[in-house]
């Protein structure tokens, strides 16, 4: 204390911590396209909320309960300007306020007006996906109806499917079995279902030519479904007596345990024809190369782009992506199924048109800088972008 | 009825799954159906496991070809089953998790199963070499293009490839091997992959509609679908 200075006299007021400004313009709105359990709060941050120099340490959101008591809902960091309140009750009324926190003080905002949660039954944010689904689905249904009325539909030749008859014939001549691998996934995978539909056609020919079919599987449900499929095929071929449950056997769910077992079957039993159809992961090349090493004719098909190069390199015929799904329609020749193949061509045409128009729009904009082309390109991009929130 | 009931369930669940994607109140149904499937798949394991034991026990009893390997299979099957069910060696006893460190199950899995799986996985290195040797032959135009592209991409991943074309001036740096490799992967390769994926997506839609509408019924054991 310097000379001449006076000590504070008792009774004088003690300096208090400076007040912190509260948030302003706090509003509550219904969260769009939800099940009526969300609301969104937005506000202008406190004027004391400045990066590095501000005194605000955070915000606390409060909800007013039915009996008027405030309940803390969330603690937010400085700089926050919005918060989504979740797990609310549908068609219920809520009110909120936000407290600005600093080291020593706090400031409460005005309360929001009472807000009702609303449930939306349709998520209109997905309008573009709905439109595309309706167009493609509608086209498929139209072509199915067209095919039912007897109109001939052209389907291009698929080499892998044309070779199935020859492959089965080869097994018949050599007197060796056919090995059918339906992938390593379960019945909830559409590729496994596609493989089983092909199995039905193959098994009918196997029954007709009286050769053996061996099908080791890695999922129990696939074993059950495959047995039903083969049994029906043998009945359709008039050979129910030749069917045996042991044609389909469960190995293991473990990926490389299954691969080891199948490789062993290939090397010991030396099938003349190997079908590798369905979902495959890293084991695709092991199976394909093992099949190649025993001299079997191999027809593979998968919709996993990463595995396609291995099959193309190691197998005699490969069904690429959509050809796997087209196989059952192609082999049966059933008009309704063929109609669905034509319908998906509409989707391809849409994709091609979008690619050409999009590339043209972006290129023309970069050359001319005319706003219309940018608008067109952005609109096309938005059409194929999914935003669920 | 044997076909109609499963078909009816397929149609109902299929349409509900599509609608649930677009309807917020029904969004949780997709996850529920997945859970239902998982529960059914677990019960189905009894069928698969029982089938495995039956086949190998029959092979063993009747001394069929390679019956010795069936002993290995059955010992492995029942050994792991006992270790897991009875929680042999688990610190904390029967109430402890199956995969608790120090348990017999954990020991067998990490010291036996995983190395065996890694061994199978390692075969890929040799199979990639043998498949590449057969695939990269200039038998025709397309094969020659494949060979050249593979050559560029392989070289571009090595320091030797960088060194080979480092003399090319900056204005023509697209001709440097590493840049050619990057361009090959990010332009024509990616375009081809995307085209395949568009086709796959449309194929899945078509196949799914055929399944939902009951046009495709082979998987139900009905060959007249």
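Chains as they are written, first to last, in our numbering: chain A, 76 to 464; chain B, 38 to 262. Each residue gets a CB set at the ideal place from its N, CA and C atoms; glycine is no exception.
Contact check, residue i vs residue j, beta carbons under 9 Å
i, j, result
"residue 346 (chain A)", "residue 369 (chain A)", "yes"
"residue 57 (chain B)", "residue 45 (chain B)", "no"
"residue 374 (chain A)", "residue 337 (chain A)", "no"
"residue 92 (chain B)", "residue 166 (chain A)", "no"
"residue 412 (chain A)", "residue 253 (chain B)", "yes"
"residue 291 (chain A)", "residue 254 (chain A)", "yes"
"residue 134 (chain B)", "residue 108 (chain A)", "no"
"residue 387 (chain A)", "residue 172 (chain B)", "yes"
"residue 96 (chain A)", "residue 169 (chain A)", "no"
"residue 89 (chain B)", "residue 110 (chain B)", "yes"
"residue 403 (chain A)", "residue 247 (chain B)", "yes"
"residue 398 (chain A)", "residue 233 (chain A)", "yes"
"residue 341 (chain A)", "residue 371 (chain A)", "yes"
"residue 116 (chain A)", "residue 173 (chain A)", "yes"
"residue 135 (chain A)", "residue 181 (chain A)", "yes"
"residue 207 (chain A)", "residue 458 (chain A)", "yes"
Assigned secondary structure, residue i (DSSP; H/G/I helix, E/B strand, else coil)
i, result
"residue 51 (chain B)", "helix"
"residue 339 (chain A)", "helix"
"residue 117 (chain A)", "strand"
"residue 408 (chain A)", "coil"
"residue 227 (chain B)", "helix"
"residue 394 (chain A)", "strand"
"residue 79 (chain B)", "helix"
"residue 435 (chain A)", "helix"
"residue 280 (chain A)", "helix"
"residue 242 (chain B)", "helix"
"residue 145 (chain A)", "strand"
"residue 157 (chain A)", "strand"
"residue 290 (chain A)", "strand"
"residue 132 (chain A)", "strand"
"residue 365 (chain A)", "helix"
"residue 139 (chain A)", "strand"
"residue 74 (chain B)", "helix"
"residue 162 (chain A)", "coil"
Residues that residue i bridges to, as DSSP identifies them
i, result
"residue 183 (chain A)", "A:174"
"residue 104 (chain A)", "A:115"
"residue 421 (chain A)", "For residue 421 (chain A), which the question treats as bridged, DSSP gives no partner whatsoever."
"residue 190 (chain A)", "A:169"
"residue 375 (chain A)", "A:351, A:393"
"residue 318 (chain A)", "Partner(s): none; residue 318 (chain A) has no beta bridge."
"residue 105 (chain B)", "Its beta-bridge partners do not exist; DSSP assigns none."
"residue 45 (chain A)", "This structure leaves residue 45 (chain A) out entirely; chain A is present only between 76 and 464."
Residue i: CB within 8 Å of a non-hydrogen atom of the ligand FMN
i, result
"residue 376 (chain A)", "The model depicted lacks the ligand FMN and carries no ligand whatsoever."
8 Å CB neighbourhood of residue i in its chain, flanking five on each side removed
i, result
"residue 139 (chain B)", "126, 127, 128"
"residue 132 (chain A)", "153, 176, 177, 178"
"residue 145 (chain B)", "116, 117, 120"
Sequence-distant residues of its chain with Cβ nearer than 7 Å to residue i (five each side left out)
i, result
"residue 296 (chain A)", "261, 262"
"residue 354 (chain A)", "258, 259, 260, 264, 266, 267, 377, 379"
"residue 140 (chain A)", "146"
"residue 224 (chain B)", "none"
"residue 470 (chain A)", "For residue 470 (chain A) there is no data in the structure shown, the boundaries of chain A being 76 and 464."
"residue 53 (chain B)", "66"
"residue 395 (chain A)", "383"
"residue 183 (chain A)", "97, 172, 174"
Nonlocal neighbours in the same chain, by C-beta distance under 6 Å from residue i, ignoring five residues either side
i, result
"residue 215 (chain A)", "415, 418"
"residue 294 (chain A)", "261"
"residue 382 (chain A)", "355, 359"
"residue 437 (chain A)", "452"
"residue 275 (chain A)", "304, 308"
"residue 257 (chain B)", "40, 43"
"residue 217 (chain B)", "189"
"residue 284 (chain A)", "247"
Exercise. Give, in chain order, every residue of the region 188-211 of chain A whose Cβ lies closer than 8 Å to some Cβ of chain B.
Key: Within the region 188-211 of chain A, the qualifying residues are 194, 195, 196, 197, 198, 201, 204, 205, 208, 211.
Name the residues in the region 324-335 of chain A whose C-beta lies less than 9 Å from a C-beta of chain B; which are they?
-> Hits within the stretch, in order: 324, 325, 326, 327, 328, 329, 330, 331, 332, 334, 335.
Practice problem: Could you list the residues in the region 244-277 of chain A with a C-beta less than 7 Å from some C-beta on chain B, going in chain order? | Solution: Contact residues of the region 244-277 of chain A toward chain B are 261, 263, 265, 268, 269, 271, 272, 275 (C-beta to C-beta distance below 7 Å).
For the region 235-256 of chain B, which residues have a beta carbon sitting closer than 7 Å to at least one beta carbon of chain A? Answer set for the region 235-256 of chain B: 235, 236, 237, 239, 240, 241, 242, 243, 244, 245, 246, 247, 248, 252, 253, 255, 256.
- Task: Can you give me, in chain order, the residues of the region 132-145 of chain B that have a beta carbon less than 9 Å from any beta carbon in chain A?
- Result: Within the region 132-145 of chain B, no residue has a Cβ that lies closer than 9 Å to any Cβ of chain A.
Relative to chain A, which residues along the region 149-170 of chain B have a C-beta separation below 9 Å, given in chain order? Listed by position along the chain: 150, 153, 154, 155, 156, 157, 158, 160, 161, 163, 164, 165, 167, 168, 169.
Using Cβ-Cβ distances below 7 Å, what residues of the region 421-437 of chain A are close to chain B? Residues of the region 421-437 of chain A whose Cβ lies closer than 7 Å to any Cβ of chain B, in chain order: 422, 423, 426.
Chain A contacts from the region 49-69 of chain B (Cβ-Cβ distance under 8 Å): If you check each beta-carbon in the region 49-69 of chain B against every beta-carbon of chain A, the ones closer than 8 Å belong to 55, 58, 59, 60, 61, 62, 64.
Could you name the residues of the region 404-423 of chain A whose beta carbon sits closer than 7 Å to any beta carbon of chain B, in the order they occur along the chain?
Per Cβ criterion, the list reads 411, 412, 415, 416, 418, 419, 422, 423.
The region 167-191 of chain A: which residues have C-beta closer than 7 Å to a C-beta of chain B, in chain order? Cβ contacts with chain B: none found.
field: Near-chain B residues of the region 291-311 of chain A - C-beta to any C-beta below 7 Å
entry: Identification of residues in the region 291-311 of chain A having a C-beta nearer than 7 Å to some C-beta of chain B yields 295, 296, 298, 299, 300, 303, 304, 306, 307, 308, 311, given in sequence order.
Worksheet item: What residues from the region 353-367 of chain A come within 9 Å of chain B, judged by C-beta to C-beta, listed N to C?
Response: So the close ones are 357, 358, 360, 361, 363, 364, 365, 367.
- Query: For the region 214-248 of chain A, which residues have a beta carbon sitting closer than 9 Å to at least one beta carbon of chain B?
  - Reply: When CB distances to chain B are screened at a threshold of 9 Å, the residues of the region 214-248 of chain A falling below it are 215, 216, 219, in chain order.
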